[in-house]
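Numbering (the UniProt record's numbering), first residue to last: 1 to 158. Ideal placement from N, C-alpha and C gives every residue a C-beta, glycine not left out.
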């Protein structure tokens, strides 16, 4: 079964949190962990992977922490998950060269799995951090409207 691990999900949540605070300076691991309900020790292991992939930058010192290395429009869910989990492959025969498949010469599966792979890659690549932020804000507004709190500062995204 194809499944994004907790490592990938936590990394997406961490980068999402950084996307919410673009321009506000670096955020500490403790802040990100608390805001997104991620175990802090686990997040401390993920952030260097995201930094090595060029998704975040890290700053040391009292005012240190992490921030996005690029704009949220340029960072996709695929980028983030691949940074912490490695290549995203839905089936062994879906790798570009088919090297993971011992039955490549006669199997009918590669075409099917390559198409599934392309669909997964496309969906994860198109889902950028700015889209996640926008969708979450719409969701929150909808919930506030349903609760009769549409005019509040939080409902307006502030």
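With distances taken between CA atoms, residue 66 lies nearest to 58 out of 58, 72, 73. Between the segment 11–18 and the segment 36–47, the count of Cβ pairs shorter than 8 Å is three or higher; the stretches touch. For residue 67, DSSP records a beta bridge to 57. With fewer than 16 other CB atoms across the displayed protein chains lying within 10 angstroms of its CB, residue 122 is exposed. Relative to residue 84, the option among 42, 64, 21 whose CA is nearest is 42.
Contact annotation: residue 69 and residue 80 have beta-carbon atoms that are not nearer than 8 Å. With a cutoff of 8 Å on beta-carbon distance, residue 78 and residue 124 are scored as near each other.
A straight-line Cα-Cα distance of about 9 Å links residue 30 and residue 39. The beta-bridge partner set that DSSP reports for residue 28 is empty. The C-alpha of residue 147 is placed about 40 Å away from the C-alpha of residue 117. Its Cα nearest to that of residue 74, the residue 132 stands out among 132, 52, 114, 87. When 6, 19, 27, 89 are compared, the shortest CA-CA separation from residue 62 is found for 27.
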